[in-house]
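Have a look at the structure below, then the notes.
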């Protein structure tokens, strides 16, 4: 499902101001960045630097105050809610920092969820879900509900769900935050393999040095601005 | 993106079903409320219908039948001056009464009279009947509790109500004297032996009517061939317009043809009001239910705000989220309806032969009610109750469902991301 676009993501003059009453906080300030298809990019920076806000904007979960974002060749600000939902469903995989899973579905059903919305048939869905759960080390835990899994296991289910249908772009917000170093390495290796084998674009926000070491490109943010952009 | 708009009913139904049972206690309370509400709708409607049916049935059986034919002016002055010719003198009417449109008919002489025992005197209505024709038409034969029913039109005994007998301080087989006026305004009187006693509801009937053989009463009143009234039964007391038209065209000139509802406007109005009253009753119960239903769903949606944001972020469309909440509501409504219907059936089944309300029968007698109340469970009332709860329940659920579907993903999951 790779898009085949030269630029998976293009941001031009992106600013975001959060307002509450008379109080306005500028979370992003005039961000310009091009992310090509197949990149493995890490956004790093301290808390409040704007990493998560930028991910939200790229994922079409929030709207920019100024500027424009293009994903898979389409301007997000020109799209309706329904079109954005379609874009997320077919082109973007999400891994959130916490509260990643649907509590009433088992691990396997959570992984199958997106594929089910995509209309993939049951047998294919089941096979893909079982394979990916095995790859993330959750063999035998497929039928457990999120409440019966540890934080790390839940995070691996979320990663499995994000990558199982091989979207063109995966947005991951601190994906290893709840994992030990061994599982963290395993997960990052899996994501890198996916990136190398089918060219999935990854944008990962992190402040974990180990995670950053997997990045091909490291973008550092501070106070809503990009302060460094390095190829590794 | 061609499959993006596909509605994945299976996953939506699965999530709705499981979400319903996440808060067992709240769901069970709501289900109980729906079940009790539906039970209240059906049970109370069955009782109200039973009550009205019984009042109407009593009214119809208390001599009125579905349609009555009198001489013009008889209802204002029910005396021997206002008589109509007997049925056998009117071929058109005879043909109608013998047709399939009419299930039973009878002709009577019915005049105001006075009954006198050795001790007391009471004003009553003396009714001369053809006993064979009254079977299935009026209450008379089935109410005989002591002695015998009138055996023929020439029977010289009287059938008297038990309460009247008590008031007259007399007994079965004793003699009484009946007095009335003949067509020449002379006193017409005759001695009768009490041959039978009847017990019926309402008890006022027992003190109002005294029955004798048609020909015996005719002779006592020195009447020719005339009669006071013809009473007939059709097939359905609600559908009498056509039969009334046919009766009017077949009946003799100047005859006054009236349905039971026209003769007893109170009962007729009661029947019309009942349908409206039942709908109002349904609306009141549903209103109470809908507050609980909307509140339950709003709470459920509020508790799942982040989850709704998550599924939106994963690509679930607003319409799917709306359907998910609606399906959750429909499942709850359907289970509640099933339980309510079962409860109604289980509670009506043991009392289908009647509920004894003799303790308050005297108070209700004015309304024509009996001491036994028979619940009347009509399929259309059950269907209406179910339809009201289901259809209006879905409409009420649109508010929380709409709210859930309109959430902005980032606002819904903001607590997670930042």
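Residue numbers (the numbering used here), protein chains in the order written: chain A, 34 to 265; chain B, 106 to 523.
The C-beta atom is built at its ideal place from N, Cα and C for all residues, glycine as well.
On a predicted model such as this, the values are computed, not experimentally measured, just so you know.
{"Query": "Residue-level contact to chain B via CB, residue 257 of chain A, 9 Å cutoff", "Result": "no"}
{"Query": "Rounded C-alpha distance that separates residue 379 of chain B from residue 385 of chain B", "Result": "10 Å"}
{"Query": "Backbone secondary structure at residue 247 of chain A - three-state DSSP", "Result": "coil"}
{"Query": "Ordered list of alpha helix (DSSP H) runs contained in the stretch 364-445 of chain B, each at least 4 residues", "Result": "365-368, 370-408 and 410-418"}
{"Query": "Identity of the residues DSSP links to residue 126 of chain A by a beta bridge", "Result": "A:203"}
{"Query": "Alpha-carbon spacing of residue 274 of chain B relative to residue 225 of chain B, whole angstroms", "Result": "7 Å"}
{"Query": "Closest by C-alpha distance to residue 332 of chain B, when choosing among B:165, B:122, B:141 and B:216", "Result": "B:216"}
{"Query": "Cβ-based neighbour list, residue 135 of chain A, same chain, cut-off 7 Å, excluding 5 preceding and 5 following", "Result": "143 and 146"}
{"Query": "Contact list for the stretch 410-431 of chain B against chain A, Cβ threshold 9 Å", "Result": "411, 412, 414, 415, 416, 417, 418, 419, 420, 421, 422, 423, 424 and 425"}
{"Query": "C-beta neighbour in chain A for residue 513 of chain B, strict 9 Å", "Result": "yes"}
{"Query": "Spatially closest choice to residue 125 of chain A from B:330, B:231, B:393 and B:419, by CA coordinates", "Result": "B:419"}
{"Query": "Within 9 Å of chain B by C-beta, residues of the stretch 91-120 of chain A in sequence order", "Result": "92, 93, 94, 95, 96, 114, 115, 116, 117, 118, 119 and 120"}
{"Query": "Residues that residue 116 of chain B contacts on chain A, provided the C-beta gap is smaller than 9 Å", "Result": "138, 142, 145, 146, 149 and 150"}
{"Query": "Of the residues B:144, B:151, B:285 and B:269, the one placed nearest residue 183 of chain B, counting alpha carbons only", "Result": "B:285"}
{"Query": "Bridge-paired residues (DSSP) for residue 104 of chain A", "Result": "A:42 and A:107"}
{"Query": "Residue burial classification, residue 133 of chain A (beta-carbon count within 10 angstroms, cutoff 16)", "Result": "buried"}
{"Query": "Minimum Cβ-Cβ distance from residue 122 of chain A to chain B less than 9 Å", "Result": "yes"}
{"Query": "Straight-line Cα distance separating residue 59 of chain A from residue 79 of chain A", "Result": "16 Å"}
{"Query": "Short CB-CB distance (under 9 Å) between residue 130 of chain B and chain A", "Result": "no"}
{"Query": "Sufficient close CB pairs (3 or more, under 8 Å) joining the stretch 145-152 of chain B to the stretch 447-460 of chain B", "Result": "yes"}
{"Query": "Boundaries of the alpha helix (DSSP H) in which residue 176 of chain A is found, first to last residue", "Result": "Note, residue 176 of chain A: premise wrong, no alpha helix (DSSP H); not H, not E."}
{"Query": "Residue 341 of chain B CB to nearest heavy atom of the ligand SAH below 8 Å", "Result": "Among the components of this structure there are no ligands whatsoever, and the ligand SAH is therefore not found."}
{"Query": "Runs of beta strand (DSSP E) wholly within the stretch 275-309 of chain B (minimum 3 residues, chain order)", "Result": "280-286 and 292-303"}
{"Query": "Sequence-distant residues of the same chain with beta carbon closer than 6 Å to residue 486 of chain B, five excluded per side", "Result": "150"}
{"Query": "Residue 105 of chain A beta carbon less than 9 Å from that of residue 69 of chain A", "Result": "no"}
{"Query": "Cβ distance (whole Å) where residue 336 of chain B is taken to contact residue 213 of chain B below 8 Å", "Result": "7 Å"}
{"Query": "Chain-ordered neighbours of residue 135 of chain A on chain B, where CB pairs are closer than 8 Å", "Result": "120, 412, 415 and 416"}
{"Query": "Per-residue DSSP class, three states only, for residue 221 of chain B", "Result": "strand"}
{"Query": "Reference residue 268 of chain B; option with closest CA among B:314, B:140 and B:511", "Result": "B:314"}
{"Query": "Contact list for residue 113 of chain B against chain A, beta-carbon separation under 8 Å", "Result": "149, 150 and 152"}
{"Query": "Beta-carbon contacts of residue 349 of chain B that lie in its chain and below 7 Å, excluding the five residues immediately before and after", "Result": "172, 362 and 364"}
{"Query": "For residue 209 of chain A, the three-state DSSP class (helix, strand or coil)", "Result": "coil"}
{"Query": "Segment contact, 8 Å Cβ cut-off, at least three pairs: the stretch 154-167 of chain B with the stretch 480-500 of chain B", "Result": "yes"}
{"Query": "Buried or exposed by the 16-neighbour rule on C-beta atoms within 10 Å, applied to residue 260 of chain A", "Result": "exposed"}
{"Query": "Nearest-angstrom Cβ-Cβ length linking residue 494 of chain B and residue 143 of chain B, presumed shorter than 8 Å", "Result": "6 Å"}
{"Query": "Beta-carbon gap between residue 165 of chain A and residue 193 of chain A smaller than 9 Å", "Result": "yes"}
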